[in-house]
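Okay, so the sequence shown: first residue is 35 according to the working numbering, each after it adds one.
The C-beta atom is built at its ideal place from N, Cα and C for all residues, glycine as well.
A quick write-up on the structure given underneath.
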Amino acid sequence: MEHLLGFDIGGTKTEVSLFALGGGDGEFKVSTSSGRSDLKVIASKRMPTARDEGYEPYLKNLLDLISSVTNEASIKIEDLKGMGLGLPGSVHPESGKMLNGNTHMMIGKDVAGDLREALNFKTPIAVNNDASCFALAEALCGAGLKYETDHGLPVSKQQSIGIILGTGCGGGLINAGRILNGGKGGGGEIGHTTLITDGHPCYCGRLGCAELYLAGPAFEKNMPGKKATEIFELATKEDPAALAVVNDYRQKLCDFLINLNNFYDPHFIVLGGGVSKQELIYKDLEENLGKKMFVSGKVPNVYQHQLSDSAGVLGAAIMVL
Numbered sequence: 035m036e037h038l039l040g041f042d043i044g045g046t047k048t049e050v051s052l053f054a055l056g057g058g059d060g061e062f063k064v065s066t067s068s069g070r071s072d073l074k075v076i077a078s079k080r081m082p083t084a085r086d087e088g089y090e091p092y093l094k095n096l097l098d099l100i101s102s103v104t105n106e107a108s109i110k111i112e113d114l115k116g117m118g119l120g121l122p123g124s125v126h127p128e129s130g131k132m133l134n135g136n137t138h139m140m141i142g143k144d145v146a147g148d149l150r151e152a153l154n155f156k157t158p159i160a161v162n163n164d165a166s167c168f169a170l171a172e173a174l175c176g177a178g179l180k181y182e183t184d185h186g187l188p189v190s191k192q193q194s195i196g197i198i199l200g201t202g203c204g205g206g207l208i209n210a211g212r213i214l215n216g217g218k219g220g221g222g223e224i225g226h227t228t229l230i231t232d233g234h235p236c237y238c239g240r241l242g243c244a245e246l247y248l249a250g251p252a253f254e255k256n257m258p259g260k261k262a263t264e265i266f267e268l269a270t271k272e273d274p275a276a277l278a279v280v281n282d283y284r285q286k287l288c289d290f291l292i293n294l295n296n297f298y299d300p301h302f303i304v305l306g307g308g309v310s311k312q313e314l315i316y317k318d319l320e321e322n323l324g325k326k327m328f329v330s331g332k333v334p335n336v337y338q339h340q341l342s343d344s345a346g347v348l349g350a351a352i353m354v355l
């Protein structure tokens, strides 16, 4: 049996998972250009990303986490079919270096190359943006399979957008089961498209970026002292202040998705990250999208993530296939 190692490095947490490929009993069914198979998690561990501690200490902790995962499953590094790495920012398609992102300690770093050297791993490590890994996993193993069941369109012919509403706001564009990276690796950086003209300044140098209004921390700024889950809970109880915050968020999210739909015309959009777990954001969302689409016709489905918190690390692993 072949094994894959997947890494999901986000702004808050890092997850490393070891998958068995093609055993027939895997919990994740995957549809690729070479056919359908399955993946089963046989070991998985997490740690805080600890952005403030610096890159070298983080890399050491990551290597320790890898050892812990492989030792638990009694798998040797040299026996792996491959590794896939999702990073919290844009990744250059040739150098593998992270070009930009809100986890500054990794900017300019070749994380995959450093891991390969430290582990003496001979097989290339696939690397991409973490949100693109999320989008790929949902397209091949989650929301894409649901769309195929609901509408009859095979995964291999679908176009989709995956969006993470978490520590930041990122996304991935998927066409026929492939990530669209763009020429320099910046494809899908939808969190840094303008949502509010002359809005708040962003660390990227622009004003009014979507991330400043749709990411979890930005949402919480509208009710200081309250976590996002508390705000949504209050809104379900008809608290006027919380309802105002949630309704404003829903409107901004809808405007954001309309822009993306008019740009890419996907069959479906799938949302992940902490905010995506709140049912209130989906209320009337598809209906409102349909009212403002430039091209009339079928409204894209907006799905809540189908793979729970496993999508990022799963997508990283299946990049190898």
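query	result
Reduced DSSP category for Thr263 - H, G, I as helix; E, B as strand; rest coil	helix
Sequence-distant residues of the same chain with beta carbon closer than 7 Å to Asn268, five excluded per side	For the record, residue 268 in the displayed sequence is Leu; it is not Asn. Once the five neighbours on either side are set aside, the close Cβ partners of Leu268 are Ala276.
6 Å Cβ shell around His234 - same chain, five flanking residues per side excluded	Leu246
Beta-carbon contacts of Gly221 that lie in its chain and below 7 Å, excluding the five residues immediately before and after	Leu207, Leu214 and Asn215
Residue span of the beta strand (DSSP E) that contains Leu133, given as start and end	Met132 to Asn134
Alpha-carbon spacing of Cys288 relative to Ile198, whole angstroms	15 Å
Unbroken beta strand (DSSP E) run spanning Gln338, endpoints	Asn335 to Gln338
Touching by the beta-carbon criterion (3+ pairs, under 8 Å), the region 164-183 and the region 334-343	yes
At least three beta-carbon pairs within less than 8 Å, the region 125-143 to the region 292-309	no
Three or more C-beta pairs below 8 Å linking the region 157-177 and the region 120-132	yes
Reference Ile111; option with closest CA among Asn154, Gly88 and Leu73	Asn154
Between the CA atoms of Val50 and Leu99 - distance to the nearest angstrom	7 Å
Backbone secondary structure at Ile109 - three-state DSSP	coil
Assigned secondary structure, Ser71 (DSSP; H/G/I helix, E/B strand, else coil)	strand
Under the three-state DSSP convention, the category Asp273 falls into	coil
For Val329 and Asp299, the rounded distance between their alpha carbons	9 Å
Residues bridged to Asn163 (per DSSP)	Leu121
Given Gly196 as reference, the closest of Gly225, Pro188 and Leu187 once Cα atoms are compared	Gly225
Collapsed DSSP secondary structure at Lys115 in the structure displayed	coil
Contact check, Asp148 vs Leu93, beta carbons under 8 Å	yes
Own chain partners of Leu319 with C-beta closer than 7 Å, once the 5 adjacent residues on each side are dropped	Cys288 and Val336
Gly204 versus Gly217, Gly250 and Cys175, residue with shortest Cα-Cα distance	Gly250
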